[in-house]
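Residue numbers (the working numbering), protein chains in the order written: chain F, 1 to 427; chain E, 1 to 91.
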Amino acid sequence: MDKFEVAVIGAGPSGVSAAITLARAGKKVLLVERGDGAGDKNVFGGTIYAVQTADIFPEFWNSAPVERSITEQKIFMLTDEDSSQFSYKYKLREHKAFTVNRAKWDRWAVCQAVDAGAYYAPKTLVKQIIVENGKILGIETEFEKIYCEIVIIADGINSIFAKQLGLRNDIKDKDVSVSVKETIELPKEKIEDRFNLDEETGCACKILGGPLKNKMALGFMYTNKNTVSLGFSIGIDELKKHHLKPYEIMDELKSHPTISSYIKGGKVIEYSSHLIPEGGYNCIPKVYDNRVMVVGDAAMLVNNIHFEGTNLAMLSGKLAAETAIDALNRQDCSASVLSEYYKKLENSIVIKDLRTHKNTIDVIRKNISTLTSLYPELACQFFDIMSSADYIPKRAKYRKFLSTVIKKGMLPSVPLAILAMEKCFKK
Amino acid sequence: MNINEKLATLKYNKDSESHLSVDNDVCMRCTDKCCTFICPANVYEWNEQKCTLTIRYENCLECGACKIACDKKNIFWRYPNSGFGVKFKNG
């Protein structure tokens, strides 16, 4: 086979973004994918974000296979049987995010890269990166050796090749969560009625508590055209600690009264699972070396506080490609030139945002019961007080509410709140 | 909906050889055997009588959770050969 300038391993969002950027600059790039087609092996929640995606695929919503444009963000706070919901619903002025089906979206994205001039090899498993005398020469697939100047590793969270090159250590179980999802088919009209949507718009939901309480776990529910994606992610360490089976939690989540009302009568058309990097800034591996760069999930570039992954993947792919273009033009693909990629990441929202949330996960971990058990309980108690008129004096109800707060040791300011209440009621 | 019903929604192309393997001696000494419950596809099952780990590799979702979870680093994990394994239609 001909020699390429760049070989990209993996045709997910980061790999495609790298390949299309290189192809548009006239570079000879090969995009290798182990699935029969792109998207066959990929799973996400989820949504893609409009602004950053449009940077790679301008006005993609006019031609790409998108499902619904998100116009509502909702948080479900579940107790064992009840729930409180908080929602932000906005008028669709400009697109913010879209739900997509990855099997369709990833295939479409690859087609754009091929149209731009990228070479594409699906159904091709890379066996190893060819290294001779410490120099990366290309990739070896099941079928042949392919030589190139630069390898871009976009092989996802399990990145075998970042590990092969010693750029990354083993992932710790607390730094990764396993996510399971069910795609549930429902008539379009039912989805639109239940989620209060019109034909084009969609809803993105996060779920706290209920069967996920007191664990580093978060549920999600997204509306597609004819399906609802329902699932959750949970730390692998949590599964081990509590001896939990993911598929059993899935069923508990589905049978929660609030959630079940949304999916009632639906047919599960697919069960799926994938890992999510949760380590953030502290777990970013070395993302470049001589003749190689690491992008997307393989570089652990996920902002889990804001549920951002595909956008950071695309952005990192683009920045790596821009660095590669520069290196190829200078005929110097050494680590010192490719270090520019990390600088670009640092100057972008990728590292800036990950650095902002450097310690957030640890804080959440420490307060996980407050977030997933106490808050949902308090929110429901509040609405219960507001919705039940009976013979219990209101002051007794407020006391009960505040005592829950105190018992759980939530706020040091609670005694002050009680004092304020007493003062308020004093004649 | 039990796990077998969930897995029945998926499309697989079964490879003739397993892409997952373990050193069974290490498994025998393992008290936790977390692979038997953390795997979202219930691939691993401990057979008490034979004292062996049954690996239903054909059900694997290729997520990689097992190899990270195993404290003994005893799961030899790779992707199935190209053209084989799970094929998601709604990922």
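Ideal Cβ positions, reconstructed from N, Cα and C, are used throughout, including at glycine.
Contact under 9 Å by Cβ, residue i with residue j
{"i": "I432 (chain F)", "j": "C148 (chain F)", "result": "Within the shown structure, residues of chain F are numbered from 1 to 427, placing residue 432 (chain F) beyond reach of any answer."}
{"i": "V51 (chain F)", "j": "T99 (chain F)", "result": "no"}
{"i": "T227 (chain F)", "j": "E185 (chain F)", "result": "yes"}
{"i": "L212 (chain F)", "j": "I191 (chain F)", "result": "no"}
{"i": "E278 (chain F)", "j": "K188 (chain F)", "result": "no"}
{"i": "Y90 (chain F)", "j": "V29 (chain F)", "result": "no"}
{"i": "S316 (chain F)", "j": "V295 (chain F)", "result": "yes"}
{"i": "I75 (chain F)", "j": "L208 (chain F)", "result": "yes"}
{"i": "C203 (chain F)", "j": "I70 (chain F)", "result": "yes"}
{"i": "K41 (chain F)", "j": "G85 (chain E)", "result": "yes"}
{"i": "G91 (chain E)", "j": "F4 (chain F)", "result": "no"}
{"i": "L230 (chain F)", "j": "I263 (chain F)", "result": "yes"}
{"i": "T141 (chain F)", "j": "A121 (chain F)", "result": "yes"}
{"i": "N290 (chain F)", "j": "S261 (chain F)", "result": "no"}
{"i": "V268 (chain F)", "j": "T183 (chain F)", "result": "yes"}
{"i": "R68 (chain F)", "j": "K225 (chain F)", "result": "yes"}
{"i": "L354 (chain F)", "j": "L301 (chain F)", "result": "yes"}
{"i": "A154 (chain F)", "j": "V6 (chain F)", "result": "no"}
Spatial distance of residue i from residue j (CA atoms)
{"i": "I305 (chain F)", "j": "L312 (chain F)", "result": "13 Å"}
{"i": "I236 (chain F)", "j": "P246 (chain F)", "result": "10 Å"}
{"i": "W61 (chain F)", "j": "G64 (chain E)", "result": "33 Å"}
{"i": "L125 (chain F)", "j": "A19 (chain F)", "result": "17 Å"}
{"i": "L338 (chain F)", "j": "E199 (chain F)", "result": "46 Å"}
{"i": "V151 (chain F)", "j": "I406 (chain F)", "result": "56 Å"}
{"i": "K33 (chain E)", "j": "L253 (chain F)", "result": "25 Å"}
{"i": "A69 (chain E)", "j": "H242 (chain F)", "result": "13 Å"}
{"i": "W108 (chain F)", "j": "A97 (chain F)", "result": "17 Å"}
{"i": "D170 (chain F)", "j": "G156 (chain F)", "result": "14 Å"}
{"i": "W77 (chain E)", "j": "Y398 (chain F)", "result": "55 Å"}
{"i": "T54 (chain E)", "j": "V22 (chain E)", "result": "10 Å"}
{"i": "H19 (chain E)", "j": "Y57 (chain E)", "result": "7 Å"}
{"i": "Q381 (chain F)", "j": "Y391 (chain F)", "result": "17 Å"}
{"i": "Q112 (chain F)", "j": "G12 (chain F)", "result": "13 Å"}
{"i": "S63 (chain F)", "j": "E48 (chain E)", "result": "55 Å"}
{"i": "L78 (chain F)", "j": "T372 (chain F)", "result": "8 Å"}
{"i": "D55 (chain F)", "j": "A324 (chain F)", "result": "18 Å"}
{"i": "L7 (chain E)", "j": "K215 (chain F)", "result": "25 Å"}
{"i": "S179 (chain F)", "j": "K366 (chain F)", "result": "21 Å"}
{"i": "I351 (chain F)", "j": "Y271 (chain F)", "result": "33 Å"}
{"i": "I349 (chain F)", "j": "C205 (chain F)", "result": "24 Å"}
{"i": "K400 (chain F)", "j": "V26 (chain E)", "result": "53 Å"}
{"i": "R93 (chain F)", "j": "T52 (chain E)", "result": "60 Å"}
{"i": "F220 (chain F)", "j": "I48 (chain F)", "result": "15 Å"}
Identified DSSP bridge partners for residue i
{"i": "D289 (chain F)", "result": "F:V292"}
{"i": "P246 (chain F)", "result": "Looking at the DSSP assignment, P246 (chain F) forms no beta bridge with any residue, so it has no partner."}
{"i": "S229 (chain F)", "result": "F:T183 and F:Y222"}
{"i": "P393 (chain F)", "result": "Paired residue(s): none; P393 (chain F) is not in a bridge."}
{"i": "P277 (chain F)", "result": "F:V176"}
{"i": "R355 (chain F)", "result": "Note: R355 (chain F) sits in no beta bridge, so no partner."}
{"i": "F98 (chain F)", "result": "F:I48 and F:S69"}
{"i": "W46 (chain E)", "result": "E:L53"}
{"i": "S21 (chain E)", "result": "E:F76"}
{"i": "G138 (chain F)", "result": "F:I130 and F:Y147"}
{"i": "C203 (chain F)", "result": "F:E72"}
{"i": "V268 (chain F)", "result": "F:I184"}
{"i": "V337 (chain F)", "result": "Note: V337 (chain F) sits in no beta bridge, so no partner."}
{"i": "G235 (chain F)", "result": "F:S177"}
{"i": "Q381 (chain F)", "result": "Bridge partners of Q381 (chain F): none, in fact."}
Neighbour list for residue i in chain E, Cβ cutoff strictly below 9 Å
{"i": "N158 (chain F)", "result": "E62, C63, G64, K67, I68, W77 and Y79"}
Interface residues of chain E facing residue i [CB-CB closer than 7 Å]
{"i": "H243 (chain F)", "result": "F37"}
{"i": "D251 (chain F)", "result": "M1"}
{"i": "I171 (chain F)", "result": "I68"}
{"i": "V176 (chain F)", "result": "I68"}
Under 7 Å by beta carbon: chain F residues contacting residue i
{"i": "K89 (chain E)", "result": "A103 and E270"}
{"i": "C100 (chain E)", "result": "The structure shown does not extend to residue 100 (chain E), since chain E is modelled only from 1 to 91, so the question has no answer here."}
{"i": "S82 (chain E)", "result": "R34, K123, T124, L125 and E142"}
{"i": "I3 (chain E)", "result": "Y247"}
CB contact below 9 Å: residue i versus chain B
{"i": "T21 (chain F)", "result": "Protein chains in the displayed structure are F and E, and chain B is not among them."}
Residues from the region 37-61 of chain F in contact with chain E, defined by Cβ distance under 8 Å: G39, D40, K41, N42, V43 and F44
Residues of the region 39-50 of chain E whose Cβ lies closer than 9 Å to any Cβ of chain F, in chain order: C39, P40, A41 and N42
Can you list, in chain order, the residues of the region 87-105 of chain F whose Cβ is nearer than 7 Å to any Cβ on chain E? N101, R102 and A103
Between the region 206-239 of chain F and chain E, which residues of the former have a C-beta closer than 9 Å to a C-beta of the latter? N224, T227, S229, I236, D237 and L239
Chain E contacts made by the region 253-279 of chain F, where a contact means CB separation under 7 Å: V268, I269, E270, Y271, S272, S273, H274 and L275
Give, in chain order, every residue of the region 60-71 of chain E whose Cβ lies closer than 7 Å to some Cβ of chain F. L61, E62, C63, G64, A65, I68 and A69
Proximal residues, the region 178-196 of chain F versus chain E, C-beta separation under 7 Å: V178, V180 and T183
Between the region 5-26 of chain E and chain F, which residues of the former have CB atoms less than 7 Å from a CB of the latter, in chain order? K6, L7, T9 and L10
Residues of the region 284-305 of chain F with Cβ closer than 8 Å to any Cβ of chain E, in chain order: none
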